[in-house]
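Beneath this line is the structure, given in structure tokens, with notes to follow.
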Amino acid sequence: MKVVSFPRKILLGAFVMAVALLAFAWSNVTSAAPQQTTGDDIRNLTPFQQRFLADQQSPMKLDPMTATPCVGGFAGTYPCNNVDLLAFMPLANIGGGSGNDIWGWTDPQTGIEYAIMGRTSGTSFVDISDPENPIYVGNLPPHTGNSTWRDIKVYNNYAFIVS
Numbered sequence: 011m012k013v014v015s016f017p018r019k020i021l022l023g024a025f026v027m028a029v030a031l032l033a034f035a036w037s038n039v040t041s042a043a044p045q046q047t048t049g050d051d052i053r054n055l056t057p058f059q060q061r062f063l064a065d066q067q068s069p070m071k072l073d074p075m076t077a078t079p080c081v082g083g084f085a086g087t088y089p090c091n092n093v094d095l096l097a098f099m100p101l102a103n104i105g106g107g108s109g110n111d112i113w114g115w116t117d118p119q120t121g122i123e124y125a126i127m128g129r130t131s132g133t134s135f136v137d138i139s140d141p142e143n144p145i146y147v148g149n150l151p152p153h154t155g156n157s158t159w160r161d162i163k164v165y166n167n168y169a170f171i172v173s
């Protein structure tokens with residue numbers, strides 16, 4: 011049987027690479043914790059977070075809307091093409107933050123339909139069984155703090171929510 015021995019430089023290089031990868035992974039884990047900022051103090055934010063905040067638009071005060079027909083290419087203030095707006099609930103009315111994903115689920119026992127909305131500050135659940143009169147049911151707060159991305163997928167009776 012032939013025994014293969016690796017040169018020390020290769021083993022040392024592999025060891026250094028493993029330590030560097032572990033250090034990088036650990037720094038990402040510790041920087042994922044929510045950070046508090048006050049006023050204009052953004053020194054604790056990463057450059058990416060600073061650019062993201064600089065690109066944010068200030069929130070607009072929007073009113074909820076009920077059934078609005080598509081007339082002349084608009085349903086209220088929203089562009090449309092042969093699709094009526096049944097209802098609109100501003101993000102401020104369903105937990106706040108910015109929205110980035112929405113998925114649906116129907117309770118097999120009651121037939122109630124739910125919209126599950128991913129937001130930067132959590133996940134909203136809205137009863138949409140009566141599409142012209144949606145009802146905000148509640149909020150699932152995030153485990154680790156706000157996130158710029160939250161994705162939802164439903165499989166059978168499970169909602170998988172990741173960020």
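Numbering-wise, the sequence shown is residues 11 to 173 according to the working numbering. Backbone N, C-alpha and C define an ideal beta-carbon position, used for all residues, glycine too.
{"Item": "Whose C-alpha, out of Thr158, Ile145, Val93, is nearest the C-alpha of methionine 99?", "Value": "Ile145"}
{"Item": "Counting only the same chain and skipping the five closest in sequence on each side, list residues whose C-beta sits under 8 Å from that of aspartate 94.", "Value": "Ala77, Thr78, Pro79, Cys80, Ala85"}
{"Item": "Determine the closest residue to asparagine 156 out of Asn91, Ile122, Gly132, with distance taken between C-alpha atoms.", "Value": "Gly132"}
{"Item": "Looking only at C-alpha atoms, which of Gly106, Thr87, Gly121 sits nearest to arginine 129?", "Value": "Gly106"}
{"Item": "I'd like to confirm the pairing. Which residues does DSSP put opposite threonine 133 in its beta bridges?", "Value": "Gly128, Leu150"}
{"Item": "Checking the sheet assignment: what are the DSSP bridge partners for glycine 114?", "Value": "Ala125"}
{"Item": "Let's test the definition: count the other Cβ atoms within 10 Å of the Cβ of valine 136 and tell me whether it reaches 16, buried, or not, exposed.", "Value": "buried"}
{"Item": "Can you tell me where the beta strand (DSSP E) holding lysine 9 begins and where it ends?", "Value": "The first residue shown for the chain is 11 and the last is 173, placing residue 9 beyond what the model contains."}
{"Item": "Measuring CB to CB, does tryptophan 113 end up less than 7 Å from valine 164?", "Value": "yes"}
{"Item": "Out of Asp73, His153, Ile138, which one is the CA nearest neighbour of valine 147?", "Value": "Ile138"}
{"Item": "If distances are taken between C-alpha atoms only, which option among Leu55, Ser108, Asn143 comes closest to arginine 160?", "Value": "Ser108"}
{"Item": "Can the beta-carbon of serine 134 be found less than 7 Å from the beta-carbon of asparagine 149?", "Value": "yes"}
{"Item": "Out of Asn166, Thr87, Pro89, which has the shortest C-alpha to C-alpha gap to proline 118?", "Value": "Asn166"}
{"Item": "Assuming valine 172 is part of the beta strand (DSSP E), what are its boundary residues?", "Value": "168-172"}
{"Item": "Counting only the same chain and skipping the five closest in sequence on each side, list residues whose C-beta sits under 7 Å from that of asparagine 74.", "Value": "Just to set this straight, residue 74 is proline in the shown sequence, not asparagine. Excluding residues within five positions, the ones whose Cβ falls inside 7 Å are Phe98, Met99, Pro100, Asn103."}
{"Item": "By alpha-carbon positions, which one of Ala169, Thr158, Tyr168, Phe170 ends up nearest to arginine 59?", "Value": "Note that residue 59 is glutamine in the sequence shown, not arginine. Comparing Cα positions, the closest option is Thr158."}
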